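Taking the UniProt record's numbering, the leading residue of the sequence shown gets 1, the next gets one more, and so forth.
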Amino acid sequence: MKPQIALTIDGEPASDELQRRLRRASASQEAGDRAGSLDLAFHNDPPLELPRVGVEIGVRMGYHGRELHRVGAYVVDSVEAGGPRPEISLRASAINWTDSATAGGAGPGMREPRTRVWEGLTLAGIAETIAGEHGLTPKIHPDLASVEIPHLDQIDQSDQSILTELGRRYNAVATVLAGRLMMTPRGSGQGADGSSLPAVEIDVTEASRWSISQDSRAELQSVTAHYHDFATAVRMAVTVGSGEPATVLRDVYPTEVEARAAARARLAESRRQAMKLSLSLPARPDLFLESPITLPGVPPGYADGEWVINSVSHEIGRGGTTRLKAEPRAT
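Encoded structure:
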């Protein structure tokens with residue numbers, strides 16, 4: 001089967017000529033605050049009229065005669081012409097954390113620093129406010145929506161940064177996709193509505209390379225966090241888990257609930273870091289971030305259970321390749 005890619009430019013299908021001249025394409029998606037990227041290379045003889053810096057490029061990939069899967073949307077950062085081969089290269093960043101202005105053309109972008117104080121809100125309340133300011137629709141997982149945030153200072157900090165900070169604190173992933181601001185539990189393999197995504201079986205015999213690594217040194221058994229008890233003016237400690245290795249978080253949190261959540265998130269992070277999967281296989285554009293996968297062809301005990309994709313790239317040239325990284329699905 002022959003891989004196929006379809007591009008849109010600011011929402012309109014790319015010209016047949018631009019599609020015909022496309023030599024190579026590589027599109028990546030990254031979890032959290034890491035921006036995905038798009039790289040395109042076009043034959044440039046005779047010279048092409050290429051998209052300008054700042055335009056939006058939509059990407060769908062698949063195989064001829066089959067359904068094409070949406071890979072993502074990207075904003076063009078740079079265009080470069082070179083030789084001796086007549087070729088033009090285009091590089092773009094994923095639109096999930098774009099510096100675009102809010103709807104209507106006013107207000108700071110998601111990456112621009114701002115200062116304000118959040119008081120007496122829930123995680124959903126903060127996310128909904130930020131989403132409204134940027135013309136986005138909020139989609140917050142039910143397990144996260146009611147988390148109370150009594151006080152949060154946003155000092156010279158972008159909205160992207162504050163959402164990423166909250167994600168780390170509460171073991172969540174915040175991202176913007178297709179006009180929606182979404183927050184889901186990290187590694188849950190669930191959608192923002194709380195529904196479980198179906199696991200995709202991957203036949204490792206088709207992979208050109210796969211590896212699974214386990215590092216027990218990275219896995220903590222317990223995490224301690226401190227909070228300030230305003231009633232007694234005493235610094236108190238809470239511990240999640242038990243045993244060694246252990247660590248103590250540096251920050252002092254305003255409430256026991258926030259301290260416990262931070263400790264729980266750090267413990268979950270260490271367990272993700274202890275087990276890692278990487279895989280290269282023929283193009284699979286149906287695989288996307290937070291998609292659960294299983295590897296039935298791997299020997300028992302190596303990769304039991306489900307994994308969740310935290311990084312994926314799709315490349316199309318003369319052939320097609322998908323490279324992904326994954327972590328054990330949260331239980």
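Quick reminder that beta carbons are idealized off the backbone N, C-alpha and C, glycines included.
None of the values given here were measured: they were computed from a predicted structure.
Notebook entry, point to check: Got a sec, what are the start and stop residues for the alpha helix (DSSP H) Leu144 sits in?
Noted result: 142–145
Next item on the list: With a 10 Å radius around its C-beta and 16 neighbouring C-beta atoms as the bar for buried, classify Ser216 as buried or exposed.
Entry: exposed
Item checked: Whole-angstrom distance between Gln160 and Pro198, CA atom to CA atom -> 29 Å
Check: By a C-beta neighbour count over all protein chains shown, 10 Å radius and 16 as the cutoff for buried, is residue 397 buried or exposed?
Finding: With the chain covering 1 to 331 only, the question about residue 397 has no answer from this structure.
Item checked: Beta-bridge pairing of residue 355 - partner residues as DSSP gives them -> Because residue 355 is not part of the residues shown, which for the chain are 1 to 331, the question remains open.
Check: Taking the alpha carbon of His141 as the point to measure from, which residue in Ala330, Ala174, Glu56, Pro292 has its own alpha carbon closest?
Finding: Ala174
Check: From Asp10 to Ala92, what distance separates their C-alpha atoms?
Finding: 13 Å
Notebook entry, point to check: Which ranges would you report for the alpha helix (DSSP H) in the stretch 6–52 if only whole runs of at least 4 residues count?
Noted result: 16–21
Note to self: What does the Cβ neighbour count give for Met1, buried or exposed, with the cut at 16 atoms within 10 Å?
What the structure shows: exposed
Margin query: Given this structure, state the Cα-to-Cα distance separating Phe288 from Pro282, to the nearest angstrom.
Written below: 15 Å
Item checked: Sub-7 Å separation of Glu56 and Val75 beta-carbons -> yes
Next item on the list: Mind reading off the beta-carbon distance from Leu22 to Ile5? Whole number of angstroms is fine, and I expect it under 8 Å.
Entry: 7 Å
Next item on the list: Pull up the distance between the alpha-carbon of Ser26 and that of Ile316, whole angstroms please.
Entry: 6 Å
Next item on the list: Following the continuous alpha helix (DSSP H) through Ile130, name the residue where it begins and the one where it ends.
Entry: 123–133
Next item on the list: Figure out for me which residue from Asp77, Ser158, Arg186 has the closest Cα to the Cα of Glu112.
Entry: Ser158
Next item on the list: Could you pull out every unbroken beta strand (DSSP E) segment of at least 3 residues lying fully inside the stretch 282–319, listed in chain order?
Entry: 292–294, 307–316
Next item on the list: Please classify Arg60: does DSSP put it in a helix, a strand, or coil?
Entry: strand
Next item on the list: Please classify Ser89: does DSSP put it in a helix, a strand, or coil?
Entry: strand
Notebook entry, point to check: Candidates Ile126, Ala172, Gly135, Gly167: which alpha carbon is nearest Pro150's?
Noted result: Ile126
Check: What does DSSP give as the partner residues of Leu181 in its beta bridges?
Finding: Pro138, Val176
Checklist line | Neighbourhood of Ala259 by C-beta distance below 7 Å, restricted to the same chain and skipping five residues each side | finding: Ala225, His226, Tyr227, Val238, Tyr253
Notebook entry, point to check: How many whole angstroms separate the CB atoms of Gln29 and Gly72, which I take to be in contact at a CB cut-off of 8 Å?
Noted result: 6 Å
Notebook entry, point to check: Under a Cβ-count criterion, where at least 16 other Cβ atoms within 10 Å of its own Cβ denotes burial, should residue 332 be classed as buried or exposed?
Noted result: Any question about residue 332 goes unanswered here, given that the chain covers just 1 to 331.
Note to self: Counting beta carbon pairs with one atom in the stretch 320–327 and one in the stretch 41–48, are three or more of them shorter than 8 Å?
What the structure shows: no
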